[in-house]
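What follows is one structure encoded as structure tokens, with my remarks underneath.
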């Protein structure tokens, strides 16, 4: 798909070069493009210590439920409940 | 022919015990207040003294905040110890738990009375057996599936989810810092929250924890280290499903900014996020330990910043709010039916009963007689 979109195929070798300083901390990361003979064609500095990324992760939206309410009983439901004798706090 | 006593005319010792426990009094304390012996109160409560004198009943009613008639007739639904779970500190005294259970039983009476006027959602909580922590993890996922909730994201309002499943949330627990939450599974299933601890992210976790007890431990005595850690694990897995949480946690290196970004999205505390990340192997033991040391040093173990908003419970409040408007029953009638005194109704539900409107006296001018 990338090739269809106009990207060219690289005829060569890509390597990642990681440079460290005296205390073995990473000081630079470089993507190096070489030909088959090992000659440098291009190099690309990768900003490895950038704080923010432009990559945006797709997040599923939170589950949001509609309000819940206690519905008043209809007259028919009320009548049925009374017949069954359910739902009264104390027997009297 | 001897007289036949109707149930409503029989003194019910269980009701006296319930009212006394709700007020947090011992039998001795109540006996002192009504100038009776502790033995007499005990006999009344145990049903061995079936017809206490009317003045003793009235004195008890007065002290405890009920109408005298409250003590007559059987209790419909007592919240038994084996049906109840507490999220509490180890130092929570047994008496406090008894008081909370009595409070919950009284709320149950209010709800049962409201059922004659309102249709509450049927209780629909799955029961899932879990023998190990990995079973608990799966139970939390199965519970989401049961309620048709995606495993891929946060739940914006866990209280509403539970209320839709017939579990009534009450945010008016007896004020004590020693009990965080309480739940009861039965015909009337409730979760009580302690709102005196001002932390919505903690309330979300408390609701999920109590949900864990309802799902994992119906009919099983809780309060042991095992049942509490299972409920915590359930809450964590239910609020932050492993796959989705791991994916989002791993989008940035471990930092407090990232943790608070996740807190805003997942609506749960930073502490629970760090713990979940540790449990899922996303942070090392060293980072976990440092994280909690930092939380503690900042005082965030008591009150965290960037708290989410909290959706107030809706079921009970909408029903009480509709009284006298959408249904004929009024607050005053409900209180009178239950045989509570108005101040007790307020203590139980958190809703004050407005004073009855006094009709202005019609003054007839003398000249009309002339």
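Residue numbers (this note's numbering), protein chains in the order written: chain S, 1 to 92; chain Y, 93 to 462. In this text, a Cβ means the ideal position worked out from N, Cα and C, and glycines have one as well.
Pick helix, strand or coil for residue i, following the three-state DSSP scheme.
i: residue 201 of chain Y; result: helix
i: residue 292 of chain Y; result: helix
i: residue 211 of chain Y; result: strand
i: residue 308 of chain Y; result: helix
i: residue 454 of chain Y; result: coil
i: residue 317 of chain Y; result: helix
i: residue 250 of chain Y; result: helix
i: residue 164 of chain Y; result: strand
i: residue 402 of chain Y; result: coil
i: residue 397 of chain Y; result: coil
i: residue 137 of chain Y; result: helix
i: residue 108 of chain Y; result: helix
i: residue 57 of chain S; result: coil
i: residue 72 of chain S; result: strand
i: residue 337 of chain Y; result: helix
i: residue 101 of chain Y; result: helix
i: residue 114 of chain Y; result: helix
i: residue 92 of chain S; result: Note that residue 92 of chain S scores a pLDDT of 24, beneath 50, so its modelled location is shaky and nothing firm can be said.
i: residue 297 of chain Y; result: helix
i: residue 440 of chain Y; result: helix
i: residue 171 of chain Y; result: coil
i: residue 346 of chain Y; result: coil
i: residue 419 of chain Y; result: strand
i: residue 378 of chain Y; result: helix
i: residue 224 of chain Y; result: coil
i: residue 193 of chain Y; result: helix
i: residue 216 of chain Y; result: coil
i: residue 145 of chain Y; result: coil
i: residue 238 of chain Y; result: helix
i: residue 328 of chain Y; result: helix
i: residue 445 of chain Y; result: coil
i: residue 127 of chain Y; result: coil
i: residue 287 of chain Y; result: coil
i: residue 413 of chain Y; result: helix
i: residue 392 of chain Y; result: coil
Less than 7 Å between the beta carbons of residue i and residue j, yes or no?
i: residue 108 of chain Y; j: residue 163 of chain Y; result: yes
i: residue 158 of chain Y; j: residue 123 of chain Y; result: no
i: residue 431 of chain Y; j: residue 161 of chain Y; result: yes
i: residue 410 of chain Y; j: residue 70 of chain S; result: yes
i: residue 220 of chain Y; j: residue 231 of chain Y; result: yes
i: residue 273 of chain Y; j: residue 285 of chain Y; result: yes
i: residue 400 of chain Y; j: residue 293 of chain Y; result: yes
i: residue 245 of chain Y; j: residue 60 of chain S; result: yes
i: residue 256 of chain Y; j: residue 63 of chain S; result: no
i: residue 419 of chain Y; j: residue 72 of chain S; result: yes
i: residue 175 of chain Y; j: residue 287 of chain Y; result: no
i: residue 240 of chain Y; j: residue 180 of chain Y; result: no
Pull the bridge partners of residue i from the DSSP assignment, please.
i: residue 180 of chain Y; result: Y:271
i: residue 45 of chain S; result: S:30
i: residue 20 of chain S; result: S:26
i: residue 281 of chain Y; result: Y:259
i: residue 14 of chain S; result: S:33
i: residue 368 of chain Y; result: Looking at the DSSP assignment, residue 368 of chain Y forms no beta bridge with any residue, so it has no partner.
i: residue 276 of chain Y; result: Y:176 and Y:282
i: residue 40 of chain S; result: S:34
i: residue 352 of chain Y; result: The partner list for residue 352 of chain Y (beta bridge, DSSP) is empty, contrary to what the question assumes.
i: residue 387 of chain Y; result: None, per the DSSP bridge assignment.
i: residue 63 of chain S; result: Y:247
i: residue 432 of chain Y; result: Y:158
In its own chain, which residues sit with a C-beta less than 7 Å from the C-beta of residue i, not counting the 5 before and 5 after it?
i: residue 434 of chain Y; result: 427 and 445
i: residue 364 of chain Y; result: 297 and 328
i: residue 20 of chain S; result: 26 and 27
i: residue 197 of chain Y; result: 110, 170 and 171
i: residue 341 of chain Y; result: 354, 369 and 374
i: residue 334 of chain Y; result: 229 and 372
i: residue 114 of chain Y; result: 191, 194, 195 and 198
i: residue 322 of chain Y; result: 222, 228, 304 and 308
Excluding sequence positions up to five away, which residues of its chain have a Cβ less than 8 Å from the Cβ of residue i?
i: residue 237 of chain Y; result: 243
i: residue 149 of chain Y; result: 103, 160 and 163
i: residue 119 of chain Y; result: 112, 130, 133, 134 and 137
For residue i, collect the residues of the same chain with a Cβ closer than 6 Å to its Cβ; drop the 5 residues on either side in sequence, then sort them by chain order.
i: residue 383 of chain Y; result: 366
i: residue 43 of chain S; result: 30 and 32
i: residue 344 of chain Y; result: 350
i: residue 437 of chain Y; result: 427 and 445
i: residue 193 of chain Y; result: 171 and 176
i: residue 325 of chain Y; result: 225 and 228
Inset, instruction - Say whether the stretch 200-218 of chain Y touches the stretch 119-129 of chain Y, bearing in mind that this needs 3 or more beta-carbon pairs closer than 8 Å, one atom from each stretch. - result: no
Legend entry - Segment contact, 8 Å Cβ cut-off, at least three pairs: the stretch 141-151 of chain Y with the stretch 190-206 of chain Y: no
Inset, instruction - Mind the definition here: the stretch 251-258 of chain Y touches the stretch 356-363 of chain Y only if three or more C-beta pairs lie below 8 Å; say whether that holds. - result: no
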